[in-house]
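Have a look at the structure below, then the notes.
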Amino acid sequence: AAAAGSGAMMSSSSALLANLQQKRMQIASSSQQEEPDADSKKNSELLLRLRKYLRRRASNGGGPTTRELLKEFKDVPDSDAAVFRKMLKSVAVIKNGQWILR
9 AAAAGSGAMM
19 SSSSALLANL
29 QQKRMQIASS
39 SQQEEPDADS
49 KKNSELLLRL
59 RKYLRRRASN
69 GGGPTTRELL
79 KEFKDVPDSD
89 AAVFRKMLKS
99 VAVIKNGQWI
109 LR
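Residue numbering for the sequence shown follows my numbering, beginning at 9 and increasing consecutively.
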């Protein structure tokens, strides 16, 4: 009975991993396709806001921590988290626990 239970658990784990991989593929393919104008404008504004925030923090003696970034951008919906992370990594690197503009 234990073997049957672990087999069911393994298949559900495999299904979960397959679903995660599928989501990643959807995100990757959707980011390669041309976005609708509303999304493009929203993303451009978010990127500009992110750069300004990082510049402002750098002029005050260092970049923000991840926690500070999350607090500042808490209005970004969870559905845009992958896009936000991609933007952040495209414009900044983390050094000594602080995000610094590239």
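The C-beta atom is built at its ideal place from N, Cα and C for all residues, glycine as well.
Original post:
Assuming Val99 and Leu54 make a contact with CB atoms under 8 Å, what is their CB distance in whole Å?
Top reply: Here residue 99 refers to the residue found at position 91 of the sequence shown. Here residue 54 refers to the residue found at position 46 of the sequence shown. So it is not a contact: roughly 11 Å between Cβ atoms.
Original post:
Which of the three DSSP states, helix, strand or coil, is assigned to Val113?
Top reply: In the structure displayed, the chain extends from 9 to 110; residue 113 sits before or after that span and is not available.
**OP:** Along the alpha helix (DSSP H) that carries Asp83, what are the first and last residues, could you check?
**Re:** As a working mapping, residue 83 is identified with position 75 in the sequence shown. No alpha helix (DSSP H) contains Asp83, which DSSP labels as neither H nor E.
Original post:
Sorted by chain position, which residues of the same chain lie with C-beta nearer than 7 Å to Gly105's C-beta, five sequence neighbours on each side aside?
Top reply: In the sequence shown, counting from the first residue as 1, residue 105 sits at position 97. The residues are Thr73.
**OP:** On the DSSP bridge assignment, give the partners of Gln193 in chain order.
**Re:** The displayed coordinates of the chain run from 9 to 110. Any statement about residue 193 would go beyond what the structure contains.
Subject >> Unbroken stretches of the alpha helix (DSSP H), 4 residues or longer, contained in the stretch 22-77 >> reply: 45-67
Subject >> CA-to-CA distance, Asn68 to Val91, given in whole angstroms >> reply: In the sequence shown, counting from the first residue as 1, residue 91 sits at position 83. In the sequence shown, counting from the first residue as 1, residue 68 sits at position 60. Between Val91 and Asn68, the C-alpha separation is close to 27 Å.
**OP:** Output the distance between the C-alpha atoms of Lys50 and Leu96, rounded to the nearest integer angstrom.
**Re:** Taking the sequence shown and counting its residues from 1, one reaches residue 50 at position 42. Taking the sequence shown and counting its residues from 1, one reaches residue 96 at position 88. Cα to Cα, Lys50 sits roughly 15 Å from Leu96.
Original post:
Short check: CB of Ser56 to CB of Leu109, under 8 Å?
Top reply: Walking along the sequence shown from the start, residue 56 turns up at place 48. Walking along the sequence shown from the start, residue 109 turns up at place 101. According to the sequence displayed, residue 56 carries Leu and not Ser. Result no, Cβ atoms of Leu56 and Leu109 do not sit closer than 8 Å.
Subject >> Contacts around Glu43, its chain only, beta-carbon distance under 6 Å, and the 5 residues preceding and following it disregarded >> reply: Within the sequence shown, residue 43 is the residue found at index 35, counting from 1. Below a pLDDT of 50, predicted positions are generally treated as unreliable, and Glu43, at 49, falls in that range; the measurement from the model is reported next regardless. None.
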